[in-house]
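Here is the structure we will look at, set down as structure tokens.
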Amino acid sequence: MSLDLGVFCKNNLDGEVVEHCFSALFGLAHNSDPSYLDWLMKAWVWTLSVAGLSLTIALILGLLMGTLRTLPSSSALNKFLIWLSTSWVELFRNIPILVQVFIWYHVIPAFVLPLKALPSYCLVSIALGFFTSARIAEQVRAGIQALPSGQTAAATALGLTTAQSYRYVILPMALRIVIPPLTSESMNVVKNSSVAFAVSVPELTLFAMQAQEETSKGVEIYLAVTLLYALSAFAVNRIMNQIEKRSRVPGFIVSTDASLAH
Amino acid sequence: MLSLDLSFYNWELFTNYIVKGLLFSVQLTLLATVGGILIGTFLALMRLSGRPALVYPATFYVNTMRSIPLVMVILWFFLLIPMLIGTPIGADLSATITFIAFEAAFFSEIVRAGIQSVPKGQAYAGEALGMTYGQNMRLVVLPQAFRNMIPVFMTQTIILFQDTSLVYAIGAYDLLKGFEIAGKNYGRPIETYVLAAAAYFVICFSLSKVVRYVQNRIAIIR
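From first to last, the protein sequence lines are chains L and P. Mind the numbering: the first sequence is residues 1 to 262 in our numbering, read in order. Mind the numbering: the second sequence is residues 1001 to 1222 in our numbering, read in order.
The following block contains the structure:
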């Protein structure tokens, strides 16, 4: 069996081979119809957009919720915040991501009317972002709890308030500990962005399904899509490794697996 | 402002639409867990064997599965199995094979970590007693490793149960599909999505409580 990569140069309207594979994207031939390769590249951009927006939401909410879970239960407000963040994590990690996508796409806009104006890729990103934030919150909590308790005690002894000790002592160390698990969560976001196909975001998985049906060249199409997913996840991995290297504190050795540390 | 009207939800709807889907999701989860653990254990043993001819294929398989989105794996198998065997197979069977193959990669990582969590002295003691590699694994290392792994296995099974909803991509009739079809037939899509989320939440949340209980009971105190 041989691969027929020529399929990517075909025009996706009538199946004719187009003059330039990259016609539409690079403006080589303004009047020609887009090829499957153009469509594939656009789908890749959609995948990266969904993953990027989701990851941004997930990191902000995950850091917040993970930090709140470790607050000392010294006041009624703290107890409420701990309850809130614990419920958040349990809610968003016990419902399948696909179901959460449907909830954000079909259910919530029916109640919160302004959300109807949002494009579906935003709603999917919110769903994926909230889902991932629960998992990131768990990693952040484990990272904070992996710190020796002497750090918090020292901060208190210096007269720092709770907020100050988080800002200046706990979080700067804990966030470095959680970079390795955050790397794998970030790669998961790229992979999980594939659920966006279910609400018709024209990303890689939807491209794979539709182009496979139109061309019957499933192996070639799937292979290209799979490679792009792997490439994207690998790129995220490299970026996170760079961040980890740059932010390393000289002489400070952290256990590399924060999830085992509690 | 809309409000949720759940009055349409009755026993008839439950038995007609939901039970069938729930049974498939549970069956898929159980088959993938058992099959995944069996194959995953072999993959882990291959990776720990130290023989390149075994290590590299197993490592390649595990890393490939772990770097592809599950939806794409489901689509790949649905495309490739009929091409290889020459006849079309149903979405249900295809999903089962896919999940066993996919979960084997994840379970193998758990088994590998579990085997490595058994202190080296245990394996050395087995060797000192004159046990072969197979005897040592079967009688000394694996029983302790599996005991350590049980909570992680259960957590992975909860994740697996959630992931079975992704068979949506090839149209298999699972729990989510059951709710969706019920919602369409009764003209109540919004309410059924909420019910689907509630059903998954109740199942997964209860199971995670069980895991926490088992975790506390089962830990080996050294």
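Glycine included, every Cβ here is placed at the ideal spot set by N, Cα and C.
query: Taking 7 Å as the threshold (beta carbon to beta carbon), is T256 (chain L) in contact with chain P?; result: Bear in mind that a pLDDT of 46 at T256 (chain L), under 50, signals an unreliable position, so the number given afterwards is only what the model happens to contain. For T256 (chain L), the answer is no, since every Cβ of chain P falls outside 7 Å of its Cβ.
query: Who are the Cβ neighbours of M187 (chain L) in its own chain at under 8 Å, not counting the five residues just before and after it?; result: A233, V236, N237
query: Quick check: the Cα distance between R176 (chain L) and L71 (chain L), rounded to an integer number of angstroms?; result: 19 Å
query: Would a check of beta-carbon distances place A1219 (chain P) closer than 7 Å to chain L?; result: no
query: Which whole-angstrom value describes the C-beta separation of A204 (chain L) and L228 (chain L), a residue pair presumed to lie in contact below a C-beta threshold of 8 Å?; result: Just to set this straight, residue 204 (chain L) is Leu in the shown sequence, not Ala. With 8 Å as the limit, L204 (chain L) and L228 (chain L) qualify as a contact, their Cβ atoms being about 6 Å apart.
query: Can S120 (chain L) and V201 (chain L) be called in contact, C-beta distance under 7 Å?; result: yes
query: Which residues in chain P sit within 7 Å of S194 (chain L), going by Cβ to Cβ distance?; result: P1069, V1071, M1072
query: Between P:M1149, P:G1130, P:A1123, which has its C-alpha nearest M1137 (chain P)'s C-alpha?; result: P:A1123
query: Using CA atoms only, rank isn't needed, just tell me which of L:S216, L:S165, L:L40 is closest to G150 (chain L).; result: L:S165
query: Just the C-alpha distance for Y1061 (chain P) and A154 (chain L), rounded to the nearest angstrom, thanks.; result: 48 Å
query: For G303 (chain L), does the count of other Cβ atoms within 10 angstroms reach 16, so buried, or fall short, so exposed?; result: In this structure chain L extends from 1 to 262, so residue 303 (chain L) is not present and cannot be described.
query: Flag this pair as touching only if the segment 1118 to 1134 of chain P and the segment 1085 to 1100 of chain P have three or more C-beta atom pairs under 8 Å; answer yes or no.; result: no
query: Rounded to the nearest angstrom, how far is the Cβ of Y1200 (chain P) from that of H106 (chain L), given a contact under 8 Å?; result: Their Cβ separation, rounded to whole angstroms, is 15 Å, which puts Y1200 (chain P) and H106 (chain L) out of contact at 8 Å.
query: What does the alpha-carbon distance come out to for the pair L64 (chain L) and A137 (chain L)?; result: 7 Å
query: Enumerate in chain order the residues of its own chain whose CB-to-CB distance from I1218 (chain P) is below 8 Å, with the five nearest sequence positions on each side excluded.; result: R1147, I1150, P1151
query: Do L81 (chain L) and L68 (chain L) have their CB atoms nearer than 7 Å?; result: yes
query: For a cutoff of 7 Å on Cβ pairs, would you count Q1122 (chain P) as touching chain L?; result: no
query: Is the beta carbon of A1182 (chain P) sitting closer than 7 Å to the one on L1013 (chain P)?; result: yes
query: Kindly say whether Q1215 (chain P), judged by its beta-carbon, lies nearer than 7 Å to any beta-carbon of chain L.; result: no
query: Considering only the alpha carbon of each residue, which of L:F130, L:E214, L:W83 lies closest to E185 (chain L)?; result: L:F130
query: Where L979 (chain P) and A198 (chain L) are concerned, what is the direct C-alpha to C-alpha distance, given to the nearest angstrom?; result: This structure cannot settle anything about residue 979 (chain P), because the visible part of chain P is limited to 1001 through 1222.
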